[in-house]
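So for the sequence shown, the working numbering puts the first residue at 19; every next one is plus one. Glycine included, C-beta positions come from ideal geometry on N, C-alpha and C.
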Amino acid sequence: MEAVDWLSKLQALQTDAQGQALLVHMQVAPAQVPLTLWQKPAHTTELREALNCIARIDKSWTIASFSRLTRDLSSQTLAPLVLHLNPPRPADDEPPEDAAMPTVLTTSPGAVSPWHGFAKGPTAGNFLHDQLEWLAADGFALDASKAERLKYRCENAGYPAQADDVLQWLSRVATQPLRGPNAPLNALGDLLPEMEFWLPAERLHARQVDALCQQHLLPGVSRPQLPDAQLHGMLMGFADLVFEHEGRYWVLDYKSNYLGADDAAYTAQALDASMALHRYEVQAALYMLALHRLLRARLGEAYDPAQQLGGAVYLFLRGIDGPAGGCCTLPAPLALLDGLDAMLKEEVA
Numbered sequence: 019m020e021a022v023d024w025l026s027k028l029q030a031l032q033t034d035a036q037g038q039a040l041l042v043h044m045q046v047a048p049a050q051v052p053l054t055l056w057q058k059p060a061h062t063t064e065l066r067e068a069l070n071c072i073a074r075i076d077k078s079w080t081i082a083s084f085s086r087l088t089r090d091l092s093s094q095t096l097a098p099l100v101l102h103l104n105p106p107r108p109a110d111d112e113p114p115e116d117a118a119m120p121t122v123l124t125t126s127p128g129a130v131s132p133w134h135g136f137a138k139g140p141t142a143g144n145f146l147h148d149q150l151e152w153l154a155a156d157g158f159a160l161d162a163s164k165a166e167r168l169k170y171r172c173e174n175a176g177y178p179a180q181a182d183d184v185l186q187w188l189s190r191v192a193t194q195p196l197r198g199p200n201a202p203l204n205a206l207g208d209l210l211p212e213m214e215f216w217l218p219a220e221r222l223h224a225r226q227v228d229a230l231c232q233q234h235l236l237p238g239v240s241r242p243q244l245p246d247a248q249l250h251g252m253l254m255g256f257a258d259l260v261f262e263h264e265g266r267y268w269v270l271d272y273k274s275n276y277l278g279a280d281d282a283a284y285t286a287q288a289l290d291a292s293m294a295l296h297r298y299e300v301q302a303a304l305y306m307l308a309l310h311r312l313l314r315a316r317l318g319e320a321y322d323p324a325q326q327l328g329g330a331v332y333l334f335l336r337g338i339d340g341p342a343g344g345c346c347t348l349p350a351p352l353a354l355l356d357g358l359d360a361m362l363k364e365e366v367a
């Protein structure tokens, strides 16, 4: 319709279906709209003297995460850590090469659990993290209603054919006793999913963190050396789950890493080797330090880390039926935490 044809249509809106007049008033706009010329103000404000900034801007201050701290494990170059504006996703530290690994079933008695053939890599890992975070909000309870919603979430994420398998998988994960706390996820006490933390670091050398972790965690297990990076600023992260059980506090991290085609591939030695290969024990140390500082701040003099700090549980989701129950449980040595605490407080030279 042309503009002139709209007037009759709009005028019809001035009455209702019964012919009663409505409180609508219409007026045709003039063809020529008058313009008001801008006039320069007669008086202007006198400019002040320019301020001379004498503040010192610390251009070496930055923010880093575990993923950035362990990036390029083969690199031996000393470099400052740089700021990444996009926060890391939970499974971004899982190896992308897993996605390209073929699923070759080994000869083993009985049927192979369906989760061994589930999609691999960080994208699939982040999907599983999202579902576990969602389940944690209700204490990992999976009733009929929750099960249907989980299937719907699988369909929305592009896994409609695997919805039943994911439901069976996560139902098992929620009821499998964790090694260390000796209780399943659905029987734990207070739960805090995705605990965010920020640790101020005056000066932090990755190699010093490396040496301290090798001394106290996974002793005797070979691992690549961290790059000789240094941080001055903030160390941030998100712990997948912090929980309390029988008076002890733990951090838990889910890992969907693919270590082999069946349960037999997930031995305690294989879990330790995967932890060391990707330097997850460094991640665990930082998570335990964040929890240690939180408990110290909240509980004050009543805090006894030897009695109240449990440690870190790394739950390899594909290995829940393996010899180790999918769990690599690390202690929380006070010497390790005190050492990291001191490193974060070291002054910049």
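Buried or exposed by the 16-neighbour rule on C-beta atoms within 10 Å, applied to residue i
{"i": "residue 170", "result": "exposed"}
{"i": "residue 271", "result": "buried"}
{"i": "residue 57", "result": "exposed"}
{"i": "residue 208", "result": "exposed"}
{"i": "residue 299", "result": "buried"}
{"i": "residue 257", "result": "buried"}
{"i": "residue 43", "result": "exposed"}
{"i": "residue 118", "result": "Summary for residue 118: the model assigns pLDDT 38, below 50, so the residue's position carries little reliability, and this model does not support an answer."}
{"i": "residue 227", "result": "buried"}
{"i": "residue 338", "result": "buried"}
{"i": "residue 232", "result": "buried"}
{"i": "residue 331", "result": "buried"}
{"i": "residue 127", "result": "Annotation note: pLDDT 49 at residue 127 (below 50); position unreliable, coordinate value reported separately. Classification of residue 127: exposed, given that the 10 Å Cβ count is below 16."}
{"i": "residue 265", "result": "exposed"}
{"i": "residue 16", "result": "This structure cannot settle anything about residue 16, because the visible part of the chain is limited to 19 through 367."}
{"i": "residue 19", "result": "exposed"}
{"i": "residue 288", "result": "buried"}
{"i": "residue 238", "result": "exposed"}
{"i": "residue 138", "result": "buried"}
{"i": "residue 53", "result": "exposed"}
{"i": "residue 31", "result": "exposed"}
{"i": "residue 234", "result": "buried"}
{"i": "residue 184", "result": "buried"}
{"i": "residue 176", "result": "exposed"}
{"i": "residue 142", "result": "buried"}
{"i": "residue 301", "result": "buried"}
{"i": "residue 343", "result": "buried"}
{"i": "residue 35", "result": "exposed"}
{"i": "residue 290", "result": "buried"}
{"i": "residue 59", "result": "exposed"}
{"i": "residue 245", "result": "buried"}
{"i": "residue 350", "result": "buried"}
{"i": "residue 346", "result": "buried"}
Nearest-angstrom Cβ-Cβ length linking residue i and residue j, presumed shorter than 8 Å
{"i": "residue 222", "j": "residue 243", "result": "Contact flag wrong, Cβ pair sits at about 16 Å."}
{"i": "residue 304", "j": "residue 263", "result": "Not confirmed; about 22 Å, so no contact."}
{"i": "residue 309", "j": "residue 260", "result": "6 Å"}
{"i": "residue 192", "j": "residue 153", "result": "7 Å"}
{"i": "residue 357", "j": "residue 285", "result": "The pair is not a contact, with the Cβ atoms about 30 Å apart (cut-off 8 Å)."}
{"i": "residue 202", "j": "residue 268", "result": "Wrong, their Cβ atoms sit about 13 Å apart, outside the cutoff."}
{"i": "residue 253", "j": "residue 217", "result": "4 Å"}
{"i": "residue 83", "j": "residue 255", "result": "5 Å"}
{"i": "residue 336", "j": "residue 274", "result": "7 Å"}
{"i": "residue 280", "j": "residue 147", "result": "Residue 280 to residue 147, Cβ: 23 Å. No contact."}
{"i": "residue 155", "j": "residue 362", "result": "That belief does not hold up - the Cβ atoms of residue 155 and residue 362 are roughly 32 Å apart, past 8 Å."}
{"i": "residue 241", "j": "residue 295", "result": "7 Å"}
{"i": "residue 25", "j": "residue 46", "result": "7 Å"}
{"i": "residue 293", "j": "residue 236", "result": "6 Å"}
Extent of the continuous alpha helix (DSSP H) run through residue i
{"i": "residue 306", "result": "298-317"}
{"i": "residue 193", "result": "181-193"}
{"i": "residue 141", "result": "140-154"}
{"i": "residue 172", "result": "162-174"}
{"i": "residue 295", "result": "286-295"}
Residues that residue i bridges to, as DSSP identifies them
{"i": "residue 214", "result": "256"}
{"i": "residue 261", "result": "209 and 268"}
{"i": "residue 80", "result": "251"}
{"i": "residue 30", "result": "DSSP, once it has assigned bridges, lists no residue as partnering residue 30."}
{"i": "residue 223", "result": "248"}
{"i": "residue 39", "result": "33"}
{"i": "residue 273", "result": "334"}
{"i": "residue 196", "result": "201"}
{"i": "residue 348", "result": "330"}
Residue interval of the beta strand (DSSP E) (run including residue i)
{"i": "residue 330", "result": "327-334"}
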